[in-house]
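**Q**
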Amino acid sequence: MSRYLGSVCKLCRREKEKLFLKGERCSSNCTLNRKRGKNGPGQHGTSKVKISDYAKHLREKQKARRMYGLTEEQFSNYYKAAEKMKGSAGDNLLKLLELRLDNVVYRLGLASSKRMARQIVNHGNILVNEKKIDVPRYRLKIGDVITFPEKYKENAVIKKLVEKTVSSVPAWLSFDKSKIAGTVVSEPLAGETSHPINSQLIVEYYSK
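Here the UniProt record's numbering is used: the first residue of the sequence shown is 1, the next is one more, and so on.
#1: Mind checking who residue 228 pairs with in its DSSP beta bridge?
#2: Is the beta carbon of L108 less than 9 Å from the beta carbon of Y68?
#3: Please confirm if the segment 173-188 is in contact with the segment 136-152, defined as three or more CB-CB distances below 8 Å between the two stretches.
#4: Where V203 and D91 are concerned, what is the direct C-alpha to C-alpha distance, given to the nearest angstrom?
#5: Are the beta-carbon atoms of V162 and L110 separated by less than 9 Å?
#6: Taking the straight line between their C-alpha atoms, what separation do you get for E60 and A81?
#7: Within the same chain, show all residues whose beta-carbon is closer than 8 Å to that of L173, passing over the 5 residues directly before and after it, in chain order.
#8: Please list, in chain order, all residues of the same chain as K132 whose beta carbon is under 8 Å from its beta carbon, the five residues on each side excluded.
#9: Using the rule of at least 16 other Cβ atoms within 10 Å of the residue's Cβ for burial, across every protein chain shown, is S199 buried or exposed?
#10: Reducing DSSP to helix, strand and coil, say where E187 ends up.
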């Protein structure tokens with residue numbers, strides 16, 4: 001399955017909640033701020049019927065998949081990997097997703113959205129431990145240092161983002177504003193995703 005390239009606003013309307021796929025722009029100009037936007041995509045929206053347990057499980061899985069910009073196959077592979085790890089499959093899944101390089105670039109505030117973060121990584125503008133990494137799915141580990149090449153640090157957009165990034169950095173990351181460098185200081189906990197995800201519903205979806 002190819003990556004979704006259509007309107008991200010439709011994805012938020014489908015899930016009936018903000019996924020912040022456009023970053024800050026989702027706060028100021030979102031269809032969900034208007035009554036019509038809460039009814040789902042399409043001319044008449046979606047009908048108000050009782051949601052089955054399966055539908056709840058599916059919607060939570062779809063929400064998480066869309067938040068991280070993954071295809072169905074990619075997300076399924078992450079879940080399979082999470083199942084093989086020690087501990088809760090749901091917690092492991094969120095940990096694997098959060099430690100993706102593109103997600104960490106976003107969580108550090110070095111990109112205004114996850115789409116922008118993926119583009120920055122794809123274009124080879126991110127260094128991990130002083131080595132260029134252009135693979136968005138690259139899995140980071142404790143101690144890894146994420147920064148830009150020197151020439152990119154002078155970018156006006158990046159400078160603007162850096163000015164307000166410190167307050168939004170999660171506890172499992174640290175950020176040195178003077179060096180424009182972030183470090184993974186611990187593994188993320190289940191409750192430390194950028195937006196709430198009920199991983200148990202995802203586990204139940206794949207357990208069917």
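Every residue, glycine too, gets a C-beta built ideally from N, C-alpha and C.
**A** A quick look at the data gives this:
#1: No answer is possible for residue 228: it lies beyond the span of the chain, which begins at 1 and ends at 208.
#2: Along the sequence shown, one-based indexing puts residue 108 at 108. Along the sequence shown, one-based indexing puts residue 68 at 68. Contact check for L108 against Y68 fails: the beta carbons are separated by 9 Å or more.
#3: yes
#4: The residue labelled residue 203 in the question sits at position 203 within the sequence shown. The residue labelled residue 91 in the question sits at position 91 within the sequence shown. Near 10 Å, if we compare the C-alpha coordinates of D91 and V203.
#5: Position 162 of the sequence shown, counted from the start, is the residue given in the question as residue 162. Position 110 of the sequence shown, counted from the start, is the residue given in the question as residue 110. The answer is yes: Cβ separation under 9 Å.
#6: As a position in the sequence shown, residue 60 is number 60, starting the count at 1. As a position in the sequence shown, residue 81 is number 81, starting the count at 1. Each residue's alpha carbon lies about 19 Å from the other.
#7: Here residue 173 refers to the residue found at position 173 of the sequence shown. Counting only Cβ-Cβ distances below 8 Å, and skipping sequence neighbours, we find V104, R107, L108, G182, T183, V184 and V185.
#8: Here residue 132 corresponds to residue number 132 of the sequence shown, with the count starting at 1. For K132, where only same-chain residues beyond five positions count, the Cβ hits under 8 Å are G124, I126 and P149.
#9: One-based indexing of the sequence shown puts residue 199 at position 199. Buried: at least 16 other Cβ atoms inside 10 Å.
#10: Translated into positions along the sequence shown, residue 187 becomes position 187. Here E187 sits in coil by DSSP.
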